[in-house]
Ligand SMILES: Cc1cc2nc3c(=O)[nH]c(=O)nc-3n(C[C@H](O)[C@H](O)[C@H](O)COP(=O)(O)O)c2cc1C
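Numbering (the working numbering), first residue to last: 272 to 554.
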């Protein structure tokens with residue numbers, strides 16, 4: 272185990288470890304405007320959704336680790352506290368990276384990176400027409416996390432209007448993650464893309480309490496054929512197994528184990544429990 276006290280390493284090294292560990296991060300492609308009307312467009316992966324009522328996103332244009340300079344986005348937001356957060360999909364990712372170049376303040380990254388500006392409806396900065404989802408936001412507060420190189424500046428952006436392209440929704444007007452084709456940032460130059468292969472579902476426990484791994488029958492709990500993920504899936508039901516199953520001290524056969532695993536792989540926990548029940552109760 273590598274153990275690091277954050278005060279003992281350089282900010283550069285800290286950045287490498289933490290950006291690789293706290294990943295993947297969604298990308299906020301923020302358009303802003305200064306008091307003279309100069310438009311700016313830059314990506315920020317220190318970004319997430321933090322509140323639903325009011326709907327608030329936070330992103331952080333940090334002080335540069337290299338030279339402690341501040342970002343144009345931050346300066347613009349202090350002058351005009353409005354922005355559009357444009358969601359980034361795979362077809363935009365190289366242009367988004369290009370827009371992160373440190374162009375002089377008066378240079379418009381819409382032009383440099385080849386994006387199409389589209390008028391917003393309630394804020395001054397334009398939207399990115401190519402982006403599948405555009406969030407018009409009013410900035411409620413800017414919180415500085417320090418004056419040293421690498422310090423963040425939290426932009427608390429309240430989402431006022433959402434624009435979603437029809438091409439990324441399903442027949443019920445819900446966002447389809449495969450149609451959206453999101454990308455996210457990891458450490459160094461790594462990115463990831465949401466694909467069919469990278470997506471999977473985990474059933475929500477919701478208000479019903481799962482019985483817990485401690486309450487699984489012995490032949491499951493102490494069976495090394497099952498991974499901890501599989502045991503947790505089985506333990507996420509709210510009905511306690513019958514006492515007869517709990518008391519059972521024997522083993523279950525490999526054929527049964529494989530059947531249970533296959534049901535769990537298909538997210539069919541009920542079927543998995545049926546197989547366990549049948550195999551124990553019909554011994
Ligand atoms: C995908 C991506 C994510 C980024 N995330 C951040 C971030 O969260 N915070 C930050 O300060 N810089 C981030 N950067 C770097 C800024 O985009 C870059 O410093 C840019 O020049 C800032 O532009 P501005 O000075 O016009 O605001 C990121 C760059 C890329 C390509």
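The C-beta atom is built at its ideal place from N, Cα and C for all residues, glycine as well.
Could you tell me if the beta carbon of residue i falls within a distance shorter than 6 Å of some heavy atom in ligand 1?
i	result
residue 333	yes
residue 396	no
residue 464	no
residue 532	no
residue 456	yes
residue 329	no
residue 476	no
residue 343	yes
residue 524	no
residue 413	no
residue 315	yes
residue 437	no
If I measure Cβ to Cβ from residue i and keep anything under 8 Å in the same chain, skipping five residues before and after, which residues do I get?
i	result
residue 544	505, 508 and 512
residue 518	none
residue 548	512, 513 and 516
residue 400	386, 387, 388 and 389
residue 467	449
Helix, strand or coil, according to DSSP, for residue i in the structure here?
i	result
residue 282	helix
residue 291	helix
residue 526	helix
residue 491	helix
residue 395	coil
residue 457	coil
residue 405	strand
residue 546	helix
residue 501	helix
residue 416	coil
residue 302	strand
residue 553	coil
Considering only their Cβ atoms, is the gap separating residue j from residue i smaller than 7 Å?
i	j	result
residue 433	residue 470	no
residue 325	residue 345	no
residue 488	residue 525	no
residue 320	residue 410	no
residue 351	residue 427	no
residue 408	residue 430	yes
residue 540	residue 295	no
residue 336	residue 282	yes
residue 440	residue 391	no
residue 329	residue 425	yes
residue 502	residue 484	yes
residue 456	residue 316	yes
So, for residue i: in the same chain, excluding its five sequence neighbours on each side, which residues have a beta-carbon less than 7 Å away from its beta-carbon?
i	result
residue 360	403, 451, 452, 453 and 454
residue 479	509
residue 370	312, 313, 314, 380, 383 and 384
residue 527	546 and 550
residue 341	334
Got a sec? Which residues, its chain only, sit under 6 Å from residue i by beta carbon, not counting five neighbours each side?
i	result
residue 367	300, 314 and 359
residue 376	343
residue 465	448 and 453
residue 496	528
- Message: Taking contact to mean 3 or more Cβ pairs, one atom from each stretch, closer than 8 Å, check whether the stretch 297-309 and the stretch 387-406 are in contact.
- Response: Yes: the two stretches touch, three or more of their Cβ pairs being nearer than 8 Å.
- Decide yes or no for the touch test of the stretch 362-380 against the stretch 438-451: beta carbon pairs closer than 8 Å, at least 3 of them. No, the stretch 362-380 does not touch the stretch 438-451.
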